[in-house]
Amino acid sequence: MPYRAPSADYQFLLDHIVGFDKVAATERFEEATPDMVSAILGEAAKMSNEVLAPLNRNGDLQPAKLENGVVRTSPGFGDGYKAIADGGWIGMAASPEYGGMGLPFSVQNAVNEMMGGACLSLQLNPLMSQGQIEALEHHASDAIKDLYLPKLISGEWCGTMNLTEPQAGSDVGALKSKAEDNGDGTFAITGQKIYISWGDNDFSENVCHLVLARLPDGAPGTKGISLFMVPKLIPDEAGNPGVANSLKVVSLEHKMGLHGSPTAVMQYDGATGWMVGKRGGGMAAMFTMMNNARVGVGGQGIAVAEAAYQHALAYAQDRKQGKAPVGDTILGHADVRRMLSQMKADVFTARAIAASCAAAIDMQTATGAPEWSARAALLTPIAKAFGTDTGIEVAQQGIQVHGGMGFIEETGAAQYLRDVRVTAIYEGTNGIQAMDLVARKMMDGGEAAYALIDEIEAYAEKTKSTIPDLAGPVFAAAETLRETTEWMVEQDMNERFAGAVPYLRLFARVLGGYFHLCAAKAAGLDSGRGRLATVYIQRLLPEHASLAEQSRQGASDLYALSDEDLVA
1 MPYRAPSADY QFLLDHIVGF DKVAATERFE EATPDMVSAI LGEAAKMSNE VLAPLNRNGD
61 LQPAKLENGV VRTSPGFGDG YKAIADGGWI GMAASPEYGG MGLPFSVQNA VNEMMGGACL
121 SLQLNPLMSQ GQIEALEHHA SDAIKDLYLP KLISGEWCGT MNLTEPQAGS DVGALKSKAE
181 DNGDGTFAIT GQKIYISWGD NDFSENVCHL VLARLPDGAP GTKGISLFMV PKLIPDEAGN
241 PGVANSLKVV SLEHKMGLHG SPTAVMQYDG ATGWMVGKRG GGMAAMFTMM NNARVGVGGQ
301 GIAVAEAAYQ HALAYAQDRK QGKAPVGDTI LGHADVRRML SQMKADVFTA RAIAASCAAA
361 IDMQTATGAP EWSARAALLT PIAKAFGTDT GIEVAQQGIQ VHGGMGFIEE TGAAQYLRDV
421 RVTAIYEGTN GIQAMDLVAR KMMDGGEAAY ALIDEIEAYA EKTKSTIPDL AGPVFAAAET
481 LRETTEWMVE QDMNERFAGA VPYLRLFARV LGGYFHLCAA KAAGLDSGRG RLATVYIQRL
541 LPEHASLAEQ SRQGASDLYA LSDEDLVA
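If you're matching positions, the sequence shown starts at 1 in this note's numbering and goes up one per residue.
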């Protein structure tokens, strides 16, 4: 079925839910008027629906291939990428100084999700470039910015990030790639990197790799790591792609999904690179790119959830099976309606969390206020983990709605689950996101979390007089979240880590209740959004109680199980 980009949902979120009016009221983003944002969302939706969505199945059935050292991309991907680049969609949030639009990240986040729902395999490419652009803007020398940023923003060149090695996955500090000073401002980079999304392609003029490596005098662990720009083709004096660098794609991974996105094993053999940032400052620079990507990956999960939901809904509207109480298709069966309504409710929750995070990032950028920085930091791991978990759960439920036909590849339902499954793993597994939430993000003693909980409770209290049946449960759930947060900040780290994953989901569940309550208030209880809010608050929000119990269990029962107990 045709994909329909959720531009109207984003318009509603920006207008009524996440406070985008505050973003547009800042001097930094004053040009992001309602008319401009609406026009951008409309054009992005049109491109996603008409240009990118028809490529999605091609990527799955005709994967990218490595032939004689050259990556051949899926049919139509080159034209799709050209449409993205020519439309200026890569550099939406990039600095106008280098050719970007300077738009709020909130707008980029919305457009990225729409493109990802249309064709996730292809959307991964500009997402990597966007992260690299942000890292260079913050950390690179003026010479590197002047050369690379205009090319990356225009889409003439593509960007990648190279962290992982066979022995160094989440433990990046264990990397073995080395960098040696050539004495002329360049460095010789040697090593192997794995899981490099879009490590090469056949439609851009150059591929620019940001590579983590260690200098000979670099300290052990992450503190001794530096970051280098290592292009596929070394730019000549005029800034045009010149001679080939000493790097190559060794192989492409055979993956569960995302077949249209070439995931490369990269080999660097004394390749010429230029340092980005300070010596030993590689992780700080790379985290700029990774934090951008974490919100983006959360959006990818939401994107696939939306597409899988639309696919399942269309099937349910057409499939006739059994005697339904309402209508003559399976959409009339109560359990099918339960699945679809909960799928839709969670897609809205995940999207609202991501949009709220993006708005906080914009306010941090525009004002520099520490409270916005804290809000953005708090919401980032929640947006990434809950967004990708929702993608997986909704795609899985989409298969269930299809019944036996969901297990048949020809229906296309299984592709969504295969494609989205990795999003819970890359850019930091969701377990790592949860650990980050209860550790680093609570180094303030929970201050940022309490500030958000205060907002939820204040809004629920204000809304009790008009929507008591919805506002009451949201207030009670927020109180449970507060109590669980108080417990969490009093524990040592391993006790926190044992309950980190349910705690993150608890936080997301409560945020979902809050955002659905806001939607019901804005649109009216008798509207579709009001009725969806009722489903969420009555059926999904109650999970918060069991999640709170799990969060507060500590680690003792986990370690009481011996290794032998786990094996037996």
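C-beta: ideal position from N, C-alpha, C; glycine also.
{"Asked": "For THR380 and PHE77, the rounded distance between their alpha carbons", "Found": "30 Å"}
{"Asked": "For PHE573, the three-state DSSP class (helix, strand or coil)", "Found": "The requested residue 573 does not occur in the structure, where the chain is confined to residues 1 to 568."}
{"Asked": "Host beta strand (DSSP E) of LYS65 (start-end)", "Found": "65-67"}
{"Asked": "Range of the contiguous alpha helix (DSSP H) that encloses THR349", "Found": "334-367"}
{"Asked": "Cβ-Cβ separation, CYS119 to ILE56 (assumed contact under 8 Å), whole Å", "Found": "For the sequence presented, residue 56 should be read as Asn rather than Ile. Contact flag correct, Cβ pair sits at about 4 Å."}
{"Asked": "Between the CA atoms of PRO542 and ALA478 - distance to the nearest angstrom", "Found": "12 Å"}
{"Asked": "Short Cβ contact (9 Å threshold) for SER141 with SER197", "Found": "no"}
{"Asked": "Contiguous alpha helix (DSSP H) assignments of at least 4 residues, all confined to the stretch 393-459", "Found": "413-420, 430-438"}
{"Asked": "Unbroken beta strand (DSSP E) run spanning ALA288, endpoints", "Found": "Correcting the residue identity first, residue 288 is Thr in this sequence and not Ala. Unbroken run through THR288 is the alpha helix (DSSP H), 282-318; no beta strand (DSSP E)."}
{"Asked": "Bridge partners - TYR81, DSSP secondary structure assignment", "Found": "Partner(s): none; TYR81 has no beta bridge."}
{"Asked": "CB-CB length for ARG509 against LEU547, believed under 8 Å", "Found": "6 Å"}
{"Asked": "Inside the stretch 135-195 only - beta strand (DSSP E) runs reaching at least 3 residues", "Found": "157-162, 178-181"}
{"Asked": "VAL401 vs MET339 beta-carbon contact at 9 Å", "Found": "yes"}
{"Asked": "Integer-rounded CB distance, given that PHE29 should sit under 8 Å from PRO126", "Found": "Not a contact, Cβ separation roughly 21 Å."}
{"Asked": "Environment of PRO468 [buried if 16+ CB atoms lie within 10 Å]", "Found": "exposed"}
{"Asked": "Inter-residue spacing [alpha-carbon to alpha-carbon] between GLN317 and GLN415", "Found": "20 Å"}
{"Asked": "Cβ contact check for the stretch 64-79 and the stretch 28-47: 3 or more pairs under 8 Å", "Found": "no"}
{"Asked": "Inter-residue Cα distance where the pair is ILE408 and LEU517", "Found": "38 Å"}
{"Asked": "Residue nearest to TYR514 in terms of C-alpha spacing, selected from ASP454, GLY499, GLN550", "Found": "ASP454"}
{"Asked": "Member of ILE153, GLY221, LEU124 whose CA lies at the smallest distance from the CA of GLY299", "Found": "LEU124"}
{"Asked": "For TYR81 and LEU122, believed in contact at Cβ under 8 Å, the rounded distance", "Found": "7 Å"}
{"Asked": "Other residues of its chain near ASN494: CB distance less than 7 Å, five sequence neighbours each side excluded", "Found": "ALA555"}
{"Asked": "Endpoints, alpha helix (DSSP H) assigned at THR112", "Found": "A quick correction: the sequence has Asn, not Thr, at residue 112. Segment 105-118, the alpha helix (DSSP H) holding ASN112."}
{"Asked": "Helix, strand or coil at TYR3 according to DSSP, with G and I counted as helix", "Found": "coil"}
{"Asked": "For LEU233, three-class secondary structure by DSSP", "Found": "strand"}
{"Asked": "In DSSP terms, what CYS208 is bridged to", "Found": "GLY159, PRO231"}
{"Asked": "Separation of LYS255 from THR411, as counted between CA atoms", "Found": "20 Å"}
{"Asked": "DSSP beta-bridge partners of LYS248", "Found": "GLN267"}
{"Asked": "PRO241 in three-state terms, based on DSSP", "Found": "strand"}
{"Asked": "THR380, DSSP secondary structure in three states", "Found": "helix"}
{"Asked": "Same chain only: Cβ atoms within 7 Å of PRO235, ignoring 5 sequence neighbours per side", "Found": "LEU147, PRO241, GLY242"}
{"Asked": "Supposed contact pair ALA434 and VAL501 - C-beta distance, whole angstroms, cut 8 Å", "Found": "5 Å"}
{"Asked": "Whole-number beta carbon distance between TYR503 and THR480, since they are thought to touch under 8 Å", "Found": "That pair is no contact at about 11 Å."}
{"Asked": "The stretch 184-199 / the stretch 159-168 touching (three or more Cβ pairs under 8 Å)", "Found": "yes"}
{"Asked": "Where GLY573 falls: helix, strand or coil (DSSP)", "Found": "Nothing can be reported for residue 573, as the shown portion of the chain is limited to 1 through 568."}
{"Asked": "Exposure of THR466, with buried meaning 16 or more beta-carbon neighbours within 10 Å", "Found": "exposed"}
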